[in-house]
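Respectively, the protein sequence lines represent chains A and B.
FYI, the numbering for the first sequence is 136 to 437, going by the working numbering.
FYI, the numbering for the second sequence is 136 to 437, going by the working numbering.
Backbone N, C-alpha and C define an ideal beta-carbon position, used for all residues, glycine too.
Bear in mind that the values here come from a model prediction, so they are computed numbers and not experimental data.
There are 2 protein chains.
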Amino acid sequence: VSDPVAVHVGPGAPERLLAAVREGGGEPAALDEADAVVWNEGPGDFPSPLPDRVRWVQLPSAGVEAWFAAAVIDRDRTFTSAAGAYGRGVAEHAFALALAATHRLPEAARAERWGAPEPRALTGDTVAVVGAGGIGRELIAMLAPLDAEVLAVTRRGHPVPGATRTLPADRTHEVWPLAAVIVLAAPATAATRHLVGRDQLAAMRRDAVLVNVARGSLIDTDALVEALAQERIAGAALDVTDPEPLPDGHPLWREPRALITPHVANPAGADERAYADHVRENVGRFAAGRDLLAPIDLDAGY
Amino acid sequence: VSDPVAVHVGPGAPERLLAAVREGGGEPAALDEADAVVWNEGPGDFPSPLPDRVRWVQLPSAGVEAWFAAAVIDRDRTFTSAAGAYGRGVAEHAFALALAATHRLPEAARAERWGAPEPRALTGDTVAVVGAGGIGRELIAMLAPLDAEVLAVTRRGHPVPGATRTLPADRTHEVWPLAAVIVLAAPATAATRHLVGRDQLAAMRRDAVLVNVARGSLIDTDALVEALAQERIAGAALDVTDPEPLPDGHPLWREPRALITPHVANPAGADERAYADHVRENVGRFAAGRDLLAPIDLDAGY
């Protein structure tokens, strides 16, 4: 039996993460004696440079563009994100937004008298999940009892379980005219910036609703405002916006068929538990020399 | 081979129902030659008295209290309702309402600036389905991917597939303190009037949300208004109200944690298709001498 893996948890000493490290087969350690780092906050206080001995760094967020911007991520060791760890909570929020938009609940919530518009049923219709990673896969499982036709889009197009069809990213345009609901759950990268702009909105069904639980930058907000005002599409439900926070007086606040939640798809308590589960699993994998969950691909940018 | 069953479809001659009768093995007929009647409207113009020859009457609604009130239903023949026929569409709307309420979407929809309250996740929590008939069973299937603990209540308490526990109606009080979401999908009868009143609301979890897709009379509206105003429970999402339509200026229109949809859980087009499917199935069963779907129990009142 080899020595336990020395894992530095920081900043501070959050009990839940220390326990997860131990349960995964690691031993909490000071930074200068650590083989691995499990980080629990943003990039601001991240130790730089890292001791050479550190071979793996676990970051606490699913999207890591802020970490790239802060130049924390290097090629000298493996970095993993928490992509997938928070998938279920975010998927449930995405599902709630999708059903709310198709059932016209934003208009019902704002009504002050009987007579809000009739819902449309999602059962048996087509749902596109653009970016079928951890969140997308959980969402696809939730759609199963509705007998929805699921079109998944992933970078390379490897078939996603539960999807009727999986398309590679360079064929994303094929889903716009087909789907009643389009859920964006793709990482924010240079390639996905304004993935949905004027042309894509024009290609969508007029009864389509657009859901974004990824990052605001995936949508050209001005084009979306225009498409909603012109009734080019039936609605939008957004947990993330660009700019974010959405400023007071922004036209989306007054758009009857838009629903905005303030980047809350991950309830805080649920997040901590989910991150601890992810850390436990990855420490166990690191200790056993197995592939880690959610390795960051420096060339792909996530 | 015996003669086809003579089925009177009325009022009018809606093509979709005539086709359903033929596909089920029946033959459309005049009322005075009919063995069965498939009705397509309310009780107002229902033929009375019916010719003695009519042995079965299919009514087009799931809830039949208006038909009892009009004294249409008698003991001289079998009456069937459309209970169960519209289950899936109503279940999807109930699910949308439940997720909207737990994810705090009514408040988000009304917000005009960033900062609406954080959602609570339903995954893994407890959902009570009070009245687990056709709608309730479809809803339970939709809850499965969320790993929800489902407490079903039925009249007699026979185990419902997918439910963690099924309770008989006389033990309904046991579910109030347990459930994060309580969905009312029970028929409107004398026994279910004000099923949820002040005492029941007081027994619920403070973070519970109440969903009603059955009939408004199941809830004591004044007690609900008071419970919401006092934050005794976390929210209510109602497709049916008492009085209905909910009048202009009613306090529920101004209650931040209430969501009202105007009795639209059955989109009209979906309803027609669902009723035709139900008629086709029941004509086939009648022709074959088999048990009919949704027979009305005169003693139970539904």
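Counterpart residues of residue i in DSSP-defined beta bridges
i       : result
F214(B) : V192(B)
E284(A) : T261(A)
V318(A) : V264(A), V346(A)
R255(B) : Partner(s): none; R255(B) has no beta bridge.
A144(B) : The question names Ala, but residue 144(B) is Val in the sequence shown. In the DSSP output, where bridge partners are listed per residue, V144(B) has V173(B).
V331(B) : I354(B)
T289(A) : P303(A)
P430(A) : T215(A)
Whole-angstrom distance between residue j and residue i, CA atom to CA atom
i       : j       : result
G292(A) : G384(B) : 53 Å
V156(B) : A148(B) : 11 Å
A204(B) : G436(B) : 11 Å
L153(A) : P195(A) : 14 Å
V120(A) : L353(A) : With chain A covering only 136 through 437, there is no way to say anything about residue 120(A).
R367(B) : R333(B) : 10 Å
A206(A) : A276(A) : 36 Å
H308(A) : P322(A) : 17 Å
R420(B) : T258(B) : 40 Å
R392(B) : E390(A) : 21 Å
V288(A) : T324(A) : 15 Å
V140(A) : A349(B) : 58 Å
A315(B) : E242(A) : 25 Å
E200(B) : A411(B) : 22 Å
V136(A) : P184(A) : Residue confidence for V136(A) is low, a pLDDT of 49 falling below 50, so the modelled location carries little weight and cannot support an answer.
L232(B) : G179(A) : 40 Å
A372(A) : A362(B) : 29 Å
A236(B) : P303(B) : 27 Å
R341(B) : A320(B) : 21 Å
D138(B) : R255(A) : 41 Å
W202(B) : G177(B) : 8 Å
A197(A) : P146(B) : 59 Å
V375(A) : T356(A) : 11 Å
L336(A) : V414(A) : 39 Å
V123(B) : E284(A) : No answer is possible for residue 123(B): the residues shown for chain B start at 136 and end at 437.
E407(B) : A279(A) : 24 Å
P378(B) : A220(B) : 26 Å
A171(A) : E416(A) : 14 Å
V346(A) : V346(B) : 24 Å
L234(B) : H228(B) : 10 Å
A218(B) : A358(A) : 45 Å
P182(B) : A164(B) : 15 Å
Whole-angstrom C-beta distance between residue j and residue i, which should lie under 8 Å
i       : j       : result
V265(B) : I317(B) : 7 Å
P294(A) : T301(A) : 5 Å
F214(A) : I431(A) : 4 Å
F230(A) : L286(A) : Rounded, the Cβ-Cβ distance is 16 Å, inconsistent with contact.
R239(B) : P252(B) : 5 Å
A326(A) : A298(A) : Going by Cβ atoms, the distance from A326(A) to A298(A) rounds to 21 Å, so no, they are not a contact pair.
L433(B) : R210(B) : 6 Å
A369(B) : A343(B) : 6 Å
A244(A) : R245(B) : 6 Å
Which listed residue (the options) has its alpha carbon closest to that of residue i
i       : options                            : result
G224(B) : A369(B), D180(B), G269(B)          : G269(B)
G160(B) : L433(B), L427(B), V418(B)          : V418(B)
R306(A) : A315(A), A283(A), L330(A)          : L330(A)
G222(A) : A409(A), R341(A), E168(A), L319(A) : A409(A)
P380(B) : A371(B), H398(B), A217(B), A422(B) : H398(B)
E162(B) : L427(B), A422(B), D434(B), L428(B) : A422(B)
T261(B) : G250(B), L281(B), A372(B), D138(B) : L281(B)
A429(A) : G198(A), R210(A), S216(A)          : S216(A)
R188(B) : A197(B), W174(B), E168(B)          : E168(B)
P382(A) : A164(B), L336(B), R212(B), E247(B) : E247(B)
P386(A) : W249(B), A171(B), L345(B)          : W249(B)
V192(B) : V142(B), R151(B), V346(B), P296(B) : V142(B)
L166(B) : N175(B), E158(B), P186(B)          : P186(B)
L226(A) : N401(A), R425(A), P378(A)          : It should be noted that the sequence gives Ala, not Leu, for residue 226(A). Cα-wise, what sits closest to A226(A) is N401(A).
L339(A) : A263(A), W388(A), P296(A), G351(A) : The sequence shown places Met at residue 339(A), rather than the Leu named in the question. Checking every option, the nearest Cα to that of M339(A) belongs to A263(A).
N175(B) : R425(B), R151(B), A164(B)          : R151(B)
Distance cut-off 7 Å: residue i Cβ against heavy atoms of the ligand ADP
i       : result
A435(A) : Here there are no bound small molecules, and the ligand ADP is not part of this structure.
Interface partners of residue i on chain E, CB under 7 Å
i       : result
R223(B) : The structure shown contains no chain E; its protein chains are A and B.
Report the start-end ranges of each beta strand (DSSP E) in the stretch 347–406 of chain B that is 3 residues or longer and not cut off at the edges. 370–373, 393–395
* alpha helix (DSSP H) runs wholly inside the stretch 146–207 of chain B, at least 4 long, in chain order -> 150–158, 200–204
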